[in-house]
Amino acid sequence: MAVTLGPSGWWQRWRRHLSARDGSRMLLFLLLLGSGQGPWPVWAGQTFEYLKREHSLSKPYQGVGTGSSSLWNLMGNAMVMTQYIRLTPDMQSKQGALWNRVPCFLRDWELQVHFRIHGQGKKNLHGDGLAIWYTKDRMQPGPVFGNMDKFVGLGVFVDTYPNEEKQQERVFPYISAMVNNGSLSYDHERDGRPTELGGCTAIVRNLHYDTFLVIRYVKRHLTIMMDIDGKHEWRDCIEVPGVRLPRGYYFGTSSITGDLSDNHDVISLKLFELTVERTPEEEKLHRDVFLPSVDNMKLPEMTVPLPPLSGLALFLIVFFSLVFSVFAIVIGIILYNKWQEQSRKRFY
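Going by the UniProt record's numbering, the sequence shown opens with residue 1, and the numbers climb by one from there.
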């Protein structure tokens with residue numbers, strides 16, 4: 001169901017909730033918002049949002065680079081251009097990523113991604129797509145759209161190429177989401193189907209207007225919507241309750257090409273803090289978590305390998321094992337002799 005957003009609908013919804021104290025903050029927010037493109041934020045009742053600069057990215061891309069002082073770090077083949085950040089060019093075997101250096105400690109948030117995927121490849125001759133991340137680890141290249149496998153956190157994938165040969169019920173490009181505690185692998189051969197939370201078709205390649213994706217996390221409720229029709233309307237894609245994401249993870253986006261390729265461009269990333277009212281019962285229920293999980297979805301337990309034994313520990317284990325064995329043998333001999341002696345007495 002599409003949700004039309006705009007100044008008129010927003011004002012009718014929010015004029016009752018604004019106080020004089022919020023006036024200056026709202027004016028600043030509107031000025032910041034007005035400087036960019038795209039649909040209005042996804043407003044909700046009793047919610048006030050404002051842009052978080054340390055987690056947001058927009059032109060002219062100041063603070064983006066490879067240095068330790070940058071708020072955003074580039075990796076691989078990613079390049080800063082005038083109008084966008086290109087994660088991968090339309091060339092084979094490339095991968096690139098963009099990662100925020102500041103961990104996010106917001107409890108409820110909304111991330112809007114303005115992106116573009118385009119290239120020379122015709123139908124089913126392009127790939128592979130891009131991903132948006134909220135994960136414990138950052139700057140870890142790998143096979144999952146340019147990021148590591150068995151990640152810890154949330155991944156949202158814009159997959160442009162169907163790897164599964166007998167793909168019938170899905171039309172690509174396809175958006176899907178996955179929550180991982182570090183125990184799951186992304187199944188490329190099946191386009192991530194065994195571990196996905198949900199998904200939808202999203203025809204996003206070679207469009208002549210802006211395309212957007214929004215990831216919203218409120219009260220452990222994950223919602224993903226898209227604006228890809230040039231109508232400045234959000235359309236529902238994925239909605240999953242009971243998603244538990246720890247605070248202090250990093251936002252990032254990555255892409256990869258193989259035998260097939262595309263230009264994968266990120267134009268802006270805008271994070272909004274959502275201030276949501278909670279009842280005392282909800283406060284108890286929504287305490288911080290330390291490992292990602294989804295209610296009613298069993299994730300394999302993490303198996304932590306035991307540390308290797310030191311030489312001293314190994315010697316002590318062998319020594320006491322031998323002592324115990326000798327002690328057990330001696331006790332056995334004593335008990336056996338007593339049993340024989342008692343047997344002889346009964347015989348006589």
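C-beta atoms are modelled at their ideal positions from N, C-alpha and C, and glycine is treated no differently. These numbers come from a predicted model, not from an experiment.
Within 8 Å, strictly: CB atoms of residue i and residue j
i           : j           : result
residue 162 : residue 172 : yes
residue 98  : residue 266 : yes
residue 240 : residue 260 : no
residue 81  : residue 96  : no
residue 108 : residue 250 : no
residue 105 : residue 254 : no
residue 119 : residue 159 : no
residue 242 : residue 220 : yes
residue 60  : residue 180 : no
residue 197 : residue 294 : yes
residue 127 : residue 236 : no
residue 204 : residue 317 : no
residue 157 : residue 129 : yes
Contacting residues, own chain, Cβ-Cβ under 7 Å from residue i (five flanking each side not counted)
i           : result
residue 339 : none
residue 337 : none
residue 286 : 219, 220 and 278
residue 296 : 242
residue 306 : A caution first: residue 306 carries a pLDDT of 43, below 50, which makes its placement in the model too unreliable to give a value.
Residue closest to residue i, alpha-carbon to alpha-carbon, out of the options
i           : options               : result
residue 72  : 221, 180, 139 and 112 : 139
residue 86  : 70, 114 and 101       : 114
residue 201 : 224, 194, 179 and 195 : 224
residue 54  : 269, 315, 276 and 277 : 269
residue 101 : 56, 177 and 170       : 56
residue 177 : 134, 311, 183 and 278 : 134
residue 244 : 125, 131 and 298      : 298
Heavy atom of the ligand FMN within 7 Å of residue i beta-carbon
i           : result
residue 191 : Ligands are entirely absent from the displayed structure, and the ligand FMN is therefore not among its contents.
Same chain, Cβ closer than 6 Å to residue i, neighbours up to 5 away in sequence not counted
i           : result
residue 246 : 289 and 290
residue 77  : 88, 94 and 96
residue 329 : none
residue 52  : 271 and 273
residue 111 : 215 and 271
residue 248 : 103 and 105
One or two residues paired with residue i in a DSSP bridge
i           : result
residue 156 : 132 and 177
residue 236 : 225
residue 196 : Per DSSP, none; premise fails for residue 196.
residue 324 : None, per the DSSP bridge assignment.
residue 297 : 294
residue 81  : Partner(s): none; residue 81 has no beta bridge.
residue 216 : 110 and 223
residue 72  : 64 and 100
residue 186 : DSSP, once it has assigned bridges, lists no residue as partnering residue 186.
Cβ neighbours of residue i in the same chain (closer than 8 Å, five flanking residues each side left out)
i           : result
residue 143 : 149, 186, 188 and 256
residue 65  : 72, 73, 74 and 80
residue 164 : 189, 190, 191 and 193
residue 125 : 260
residue 258 : 92, 93, 127 and 128
Problem - contact_flag[the segment 226-241, the segment 207-215] where n(CB pairs < 8 Å) is 3 or more - result: yes
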